[in-house]
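Before any comments, here is the structure.
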Amino acid sequence: MADAALRLRTTTAATIMVATTGIENLIASSYAAQVSTDPAAANGNANLMINGERQQANFQVRDGELFLDSADGEPFTVGPARGNFDPTLLLDPQLGLASMIETISPVSFEGPQPVNDGQVAGTVKLRGELPGAAAEAVLPRDSLRNRVSVPVTLWLDPDAGNALVQLIITARGGALTLQIRDTH
C-alpha cells in the first residue's frame with residue numbers, strides 16, 4: 016500500500032471516474048473528471064444534486080471555485096468547491112486518496128484479477144478495512160452510520176509501481192466505485 020500511496024502523492028494529473036449505488040446525500044452521485052494538481056483544477060461531467068433534483072452538468076473547479084455550465088454553455092460560479100464538490104482534493108497529497116489508502120488495515124491479497132470485465136488486465140485485487148474517518152474524504156458522514164471502519168476493495172497495477180486502478184468502498188447498503196488513470 017505504501018507504493019500505491021507514494022504513486023498517488025506524485026500524480027499530477029489523472030482521469031477519475033466515480034459511480035455510486037445506494038448512497039444518499041451525495042452532491043455528485045457520479046462523475047468523470049480530468050484532475051490536475053498544479054494548479055489544482057478539474058473539469059468534467061457529473062450527476063449533481065441541483066435545487067433538490069439530480070441533473071447532469073458540465074463542471075470546472077479552478078482557483079478553489081466550482082463552476083457549472085449554464086444552458087448556453089457559459090460557466091457560472093456556484094461558490095467554493097471545498098465543502099461542496101471538489102474532485103481536486105482526491106489528488107491532494109495530504110487530504111486525498113494517498114492518505115486515505117495508507118490507513119487501510121488489515122490488507123489481504125486476493126490475487127490477480129482484471130478490472131472492468133478484463134479491460135484492464137494485469138491488476139491485483141486486495142481487500143481491507145478503511146477507517147470511517149478516512150472514508151469521509153469521499154463519503155458523507157451519515158452514510159457511514161458511525162462505523163469505525165468500512166470494507167474496501169482495491170485493484171493495483173504492479174507493472175505501474177502498484178498504481179491504484181480502482182477502489183470500491185461499501186457503506187450503509189451502498190457502494191462507491193472510483194477508477195483512476197494517471198495521465199501525467
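All you need for this note's numbering is the position in the sequence shown, starting with 1, plus 15. A virtual CB, placed ideally from N, CA and C, is assigned to each residue, including glycine.
The C-alpha of L169 lies about 28 Å from the C-alpha of R69. Around L193, the same chain offers V33, L182 as residues with beta carbons nearer than 6 Å, after the five sequence neighbours per side are excluded. Taking a 10 Å sphere around the C-beta of S85, we find fewer than 16 other C-beta atoms and assign the residue as exposed. In the three-state reduction of the DSSP assignment, E125 falls in the strand class. As a beta-bridge residue in DSSP terms, D84 pairs with P90. Secondary structure within the segment 127–175: the beta strand (DSSP E) runs of 3 or more consecutive residues, fully enclosed, are 139–146, 164–172 (chain order). In the three-state scheme derived from DSSP, where H, G and I count as helix and E and B as strand, E39 is classed as coil. The distance from the Cβ of E151 to that of I119 is about 14 Å, inconsistent with a contact at the 8 Å cut-off. Burial is judged here by how many other beta carbons sit within 10 angstroms of a residue's own beta carbon; P121 has fewer than 16 and is exposed. Checking the DSSP bridge columns, you'll see I65 partnered with E68. Taken through DSSP and simplified to helix, strand or coil, I119 comes out as coil. For L104, there is no enclosing alpha helix (DSSP H), as DSSP marks it with neither H nor E. Distance check between N58 and each of L141, D107, G67, Y46 places Y46 closest, using alpha-carbon atoms only. Within a 10 Å sphere around the beta-carbon of D197 sit 16 or more other beta-carbons, which makes this residue buried. In the displayed model, R77 falls within a strand according to three-state DSSP. In this structure, DSSP gives D53 a state outside helix and strand, which the three-state scheme calls coil. In the three-state DSSP reduction, R24 falls in the helix class (H, G or I). Each of M64, V50, L179, V76 was checked against the Cα of K140, and the nearest Cα belongs to L179.
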